[in-house]
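In this note's numbering, the protein residues as written are 2 to 471. Taking it in order: structure first as structure tokens, then the write-up.
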Amino acid sequence: MSSIDYSQKIPNNVDLASDKRLQRALEAWQPSYIEWWNSMGPTDFNTKEIYLRTAVSVDASGWANFGFVKMPEYRWGIFLEPQQQGRKIGFGDHMGEDAWQQVPGEYRNWLRRLIVTQGDTEPASVEQQRLLGHTAPSLYDLRNLFQVNVEEGRHLWAMVYLLHTYFGRDGREEAEELLQRRSGNPDHPRILSTFNEPCEDWLSFLCFTMFTDRDGKFQLLTLAESGFDPLARTCRFMLTEEAHHMFVGQTGVGRVIERTCQVMKEHPGQDVKQYGAIPMEIIQRYINFWSASSTDLFGAEVSSNSANFFGAGLKGRAYEDRQEEHTALNQEYALTRFTDGKLVDENVALRNAMNEVLRDEYVKDNLKGIDYWNRVCERYENPYRFSLPHRRFNRKIGDYAAGRFDLEGNLIDERTWLANADKWLPTAADKQYVKSLMVPCYKPGKIAGWIAPPPKGVDNQAEDFEYVRL
Ligand SMILES: [Fe+2]
Ligand SMILES: [Fe+2]
């Protein structure tokens, strides 16, 4: 068991105390982080006690210890999975060589870019969600929001640790920059577009944790394979935390659907809006928007960067160990490309299609969530069925960004797009309606009218448990 040293200013299981220079650098970054948290983190709840889980060790028994904590006092720390003796690189051109414990010089820039891009998403999501605490549908949901927020903060720490430890001065500069970019700021935005989208209501938040945090899961899975061992070990532990974020999204949207099912059953044939529920069609449009935007995060279909990262052994495939062959050389991937206004089937070198390979896994995982939501409908004998938009729908990055595609992925012209966009994507009226429902419900055990209560409390707490002491 590698337990975490809480006697230190920065809790860690990496023996930070033995490296005074690094410890000083991180302790110098810590106040900037707290300042960022206080100005850009969740507003107005920093003095409240919240029932949060904190990791006390990275093994199964220790990483979810629950207790009341004020968020600025959360023990953000540095936790890596234990080193496996003799670990080898599992893919790419260095397959079978010893995993790197230091940054290989020839890959320094690529590796730094991968770490910075991952790191940037973590504070970005906290910024996007900073006002949501004012309108949570219950104390249970409020607590979940804050749990996600503090863990995204910890994920930032995880990446900053790597930057400080392995990248010297430019790593420290990147760590500073991570606290300076701002989600949605036109002059100094976050790196990836989804992380600049406003996330102003709870249906957006639940879709975000379902679809955008799931992109995070798959990126982490690829980095967990990395030949750069400290990155792999860091990401493996982050994945345990990420699972909860997706749980919040999948079950959360499920509870919104459940509430709508209940209202439809009680008042057949009537507009559910009269009863403060969210119509299925609006939920579907939110799903369409957030899933398409998050699908963009995997990058272009054909990408020389993705080939480079794979060949170098920096970024693998998700579940690389399930693959039969690990060099991905002399193999092809069948892709439908969009060039000169036409969809054309084409075989591309597998290494160049690594973004698409990962997107395949992502789509599969999303479909499981859609099935889960449809089972909610079935339980209520509601005929509505949700679907995942085709990966070509509403893309801003890659081949398909150059055209218009319907929800099934068919190529359509601009006129057809304009005639249907309001059916497919949230309208101003949808957003306004959803916003009108966003009133806080902070009595223990009570819940807002647009979402069903959770089937089970956090850490098996009773239904009326006071998760946040206001
Ligand atoms: Fe994260
Ligand atoms: Fe997350």
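C-beta: ideal position from N, C-alpha, C; glycine also.
Is DSSP giving S194 helix, strand or coil here? helix
Rounded C-alpha distance that separates Q119 from G134: 25 Å
With hydrogens ignored, establish whether the beta-carbon of D214 is closer than 7 Å to any heavy atom of ligand 2. yes
Going by C-alpha to C-alpha distance, which of T417, E379, Q324, P384 sits closest to G91? Q324
What do you get for N14, buried or exposed, if any count of 16 or more other CB atoms within 10 angstroms of its CB means buried? buried
Host alpha helix (DSSP H) of E267 (start-end): 230-267
To the nearest angstrom, how far is it from the Cα of Y52 to the Cα of F406? 45 Å
Counterpart residues of F67 in DSSP-defined beta bridges: R54
Cβ-based burial, V345 [other Cβ within 10 Å; buried from 16]: exposed
Closest to L359 by C-alpha separation, out of R392, P445, T166, A159, would be which residue? R392
Could you tell me which residues DSSP puts in a beta bridge with R405? I413
Our contact map puts K49 next to K71 with C-beta atoms below 8 Å; I'd like the distance itself, whole angstroms only. 7 Å
First and last residue of the beta strand (DSSP E) that includes Y334? 333-340
Opposite R318 in the DSSP bridges: which residues? Beta-bridge pairing links R318 to no other residue.
Just the Cα atoms here: how many angstroms apart are D60 and H189? 38 Å
To the nearest whole angstrom, what separates the beta carbons of V104 and F229, a pair I think is in contact under 8 Å? 7 Å
For the beta strand (DSSP E) containing D346, list its first residue and its last residue. 343-350
On the DSSP bridge assignment, give the partners of K89 in chain order. D99
Should H268 be listed as close to ligand 1, given that the test is whether its C-beta is under 7 Å from any heavy atom? no
Would the beta-carbon of E153 be found less than 7 Å away from any heavy atom of ligand 4? With respect to small molecules bound, the structure shown includes ligand 1 and ligand 2 and not ligand 4.
Exposed or buried, R318, counting other C-beta atoms within 10 Å across all chains shown (16 or more means buried)? buried
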